[in-house]
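J.: Okay, here's the structure, questions in a sec.
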Amino acid sequence: MKINVQSIGLTPHAPLEEYLDKKLNKLETFYDKIHGCQVFLKVENTGEKANKTAEIKLEVPGDDIVVKKTTTTFEESIDLCAEAAKKLLIKKKELA
């Protein structure tokens, strides 16, 4: 699966990109028809500590799956997005 990462207001470091690749490539085990993946990483301009947003868009036949989470770290946001996407992929596979 091809993963395209776009970051707004930051430059992702190599360990974060490796973490992202590892997490998102696992999603193919739940649904093998994923064509591509868009990831948007953004630091929100709020006074809160939970200002790291990860948005994942999975390109699958039919409707694309979009998941967005905001937490205190990008790793945690990615974890929550991956978990939500996994549930949606399993549901999509069962309906197919």
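So the sequence shown is numbered by the working numbering: it starts at 2 and just counts up by one.
By construction, the Cβ of each residue, glycine as well, lies at the ideal position given by its N, Cα and C atoms.
Quick caveat, the model's predicted, so the values are computed rather than measured.
Kindly identify the DSSP beta-bridge partner or partners of A55.
T.: On the sequence shown, position 54 is the one that residue 55 refers to. L42, K70, per the DSSP bridge assignment.
J.: Can you list, in chain order, the residues of its chain whose CB lies under 6 Å from that of T54, leaving out five sequence neighbours each side?
T.: As a position in the sequence shown, residue 54 is number 53, starting the count at 1. These residues qualify, in order along the chain: K43, E45, T71.
J.: In this structure, does DSSP put I9 in helix, strand or coil?
T.: Position 8 of the sequence shown, counted from the first residue, corresponds to residue 9. Looking at I9 - three-state DSSP - the assignment turns out to be strand.
J.: Give the straight-line distance between the Cα atoms of S78 and E19, rounded to the nearest whole angstrom.
T.: Sequence index remark: in the sequence shown, residue 78 carries index 77 (1-based). Sequence index remark: in the sequence shown, residue 19 carries index 18 (1-based). Going from the Cα of S78 to the Cα of E19 covers about 15 Å.
J.: Whole angstroms is fine: what's the gap from K69's alpha carbon to E84's?
T.: The count along the sequence shown starts at 1 and reaches residue 69 at position 68. The count along the sequence shown starts at 1 and reaches residue 84 at position 83. Between K69 and E84, the C-alpha separation is close to 11 Å.
J.: Taking the alpha-carbon of G10 as reference, which of D80, P16, N52, C82 has the nearest alpha-carbon?
T.: Residue 10 sits at position 9 when you count from the first residue of the sequence shown. Among D80, P16, N52, C82, the Cα nearest to that of G10 is on N52.
J.: Between N26 and M2, what straight-line distance do the alpha-carbon atoms span, to the nearest angstrom?
T.: As a position in the sequence shown, residue 26 is number 25, starting the count at 1. As a position in the sequence shown, residue 2 is number 1, starting the count at 1. Between N26 and M2, the C-alpha separation is close to 7 Å.
J.: Taking a contact to mean a Cβ-Cβ separation below 9 Å, would you say K93 touches Y32 in this structure?
T.: The sequence position of residue 93 within the sequence shown is 92, counting from 1. The sequence position of residue 32 within the sequence shown is 31, counting from 1. In contact: K93 and Y32 (Cβ atoms closer than 9 Å).
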